[in-house]
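Novice: Residue numbers (this note's numbering): 16 to 324.
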């Protein structure tokens, strides 16, 4: 860890951006997870390249996160360097009917910017609690809309060597909660979207309607990572879980939400192990009862805590 910090300092990272032994519970919406050896808050594309060089110099692995809203970090934490691409790398700009957003901009901020500019196409994802970079990586969506419907190109750098890359059109490889970038080993830097002119007040009204729907139906009062499982073909994960009588099922302080069975929540003192055990139990019981295997939508990182023995 000392060699990594020294390499980062030599790469001219301000000390306030370098966080040794960073508790990942602070950086994930589940509010669980062990420590990362070193976390760096990224402020520019140049920071990404410099951090990758520092990690290579120190011989450590690199993990990339956004604002941690679709992330579960195991209790043993993450070894090596974590690059956090969130609010410090979040410029949004307009060119005609096109928006360019740096990867760390929140989806909400991008949607609000578009609304204020009289550009439609992002209202449905305005309540998704992630960054545009993470959303572009996994093709985030809500209420029948997906980012793939508006994204025209993505600028990235290769994790292996920091080489700049651009994905356009069919090369984006979009599918349900999937993109070509997920397999390519890249870090997204900027996302370009083609939007449609519309009345700003009408867009705002739609965003407000969707916000009320989320508040009514989703357990936003508890830490979670949103929908825990992907939607199986021709089914809904929440309904399958509910039909199997699992609403309210609890392990430790992790619980299948009584408000929305598609969410696993942290009632206050859950560990990552509690959440993983509950996910496993839900998956097992649903498959046993229906033959349908639920796949996690949440991204799981890190290593288990050492055993007490």
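Even for Gly, the Cβ is constructed at its ideal location relative to N, Cα and C. Keep in mind it's a predicted model, so treat the numbers as computed, not measured.
#1: CA-CA distance, residue 314 and residue 267?
#2: Would you identify the three-state DSSP class for residue 311, choosing helix, strand or coil?
#3: For the segment 204 to 217 and the segment 161 to 169, state whether three or more C-beta atom pairs, one from each stretch, are separated by less than 8 Å.
#4: According to DSSP, is residue 275 part of a helix, a strand, or is it coil?
#5: When the Cβ atoms of the segment 85 to 100 are set against those of the segment 126 to 136, are three or more pairs found closer than 8 Å?
#6: According to DSSP, simplified to helix, strand and coil, what is residue 182?
#7: Apply the 10 Å Cβ neighbour rule to residue 24 and answer buried if 16 or more other Cβ atoms are within range, or exposed otherwise.
#8: Give me the residue from 280, 288, 193, 136 with the minimum Cα distance to residue 44.
#9: Nearest by alpha-carbon distance to residue 303: which of 316, 317, 259, 289 is it?
#10: Exposed or buried, what is residue 117 when buried is set at 16 or more other beta-carbons lying within 10 Å of its beta-carbon?
#11: Could you give the residue range of the alpha helix (DSSP H) that holds residue 126?
#12: When you compare the segment 58 to 71 with the segment 82 to 92, are there three or more beta-carbon pairs, one atom per stretch, that lie closer than 8 Å?
#13: In three-state DSSP terms, what is residue 140?
#14: Given a cut-off of 8 Å on the beta-carbon distance, is the pair residue 200 and residue 175 in contact?
#15: First and last residue of the beta strand (DSSP E) that includes residue 169?
#16: Assuming the contact rule is C-beta atoms closer than 8 Å, residue 28 and residue 53 should be a hit. Round their C-beta distance to whole Å, please.
#17: Give the straight-line distance between the Cα atoms of residue 39 and residue 127, rounded to the nearest whole angstrom.
#18: Between which two residues does the alpha helix (DSSP H) holding residue 334 run?
#19: Alpha carbon to alpha carbon, how far is residue 104 from residue 58? Give it in angstroms, no decimals.
#20: Quick check: the Cα distance between residue 187 and residue 31, rounded to an integer number of angstroms?
#21: Note down, in chain order, each residue of its chain lying with its Cβ closer than 7 Å to the Cβ of residue 273, except the 5 sequence neighbours on either side.
#22: Compute the distance between the beta-carbons of residue 312 and residue 239, then report whether it is under 8 Å.
#23: When DSSP labels each residue in this structure, what does residue 270 get in the three-state scheme?
Specialist: This is what the structure gives:
#1: Going from the Cα of residue 314 to the Cα of residue 267 covers about 21 Å.
#2: Three-state result, residue 311: strand.
#3: Flag = yes, the segment 204 to 217 and the segment 161 to 169 touch.
#4: DSSP places residue 275 in the coil class of the three-state scheme, outside both helix and strand.
#5: These segments do not touch.
#6: DSSP, read as helix, strand or coil, puts residue 182 in strand.
#7: With fewer than 16 Cβ atoms within 10 Å of its Cβ, residue 24 is classed as exposed.
#8: Cα-wise, what sits closest to residue 44 is 280.
#9: Ranked by Cα distance from residue 303, the first of 316, 317, 259, 289 is 259.
#10: Buried, since its Cβ has 16 or more Cβ neighbours within 10 Å.
#11: Counting along the chain, residue 126 sits inside the alpha helix (DSSP H) bounded by residues 122 to 131.
#12: No, they do not touch.
#13: Here residue 140 carries a helix assignment [DSSP, helix/strand/coil].
#14: Yes; because the gap between Cβ atoms is below 8 Å, this pair is in contact.
#15: It spans 166 to 173 - the beta strand (DSSP E) in which residue 169 sits, taken as one unbroken run.
#16: About 10 Å separates the two Cβ atoms, so there is no contact after all.
#17: For residue 39 and residue 127, the distance between alpha carbons rounds to 28 Å.
#18: Any answer about residue 334 is impossible in this case: the structure gives the chain only from 16 up to 324.
#19: The straight-line gap from Cα to Cα measures roughly 5 Å.
#20: When rounded, the distance between both Cα atoms is 35 Å.
#21: So the list reads 262, 263, once near-sequence residues are dropped.
#22: Against a cut-off of 8 Å, the Cβ pair of residue 239 and residue 312 comes out as no contact.
#23: In this structure, DSSP gives residue 270 an extended state, which the three-state scheme calls strand.
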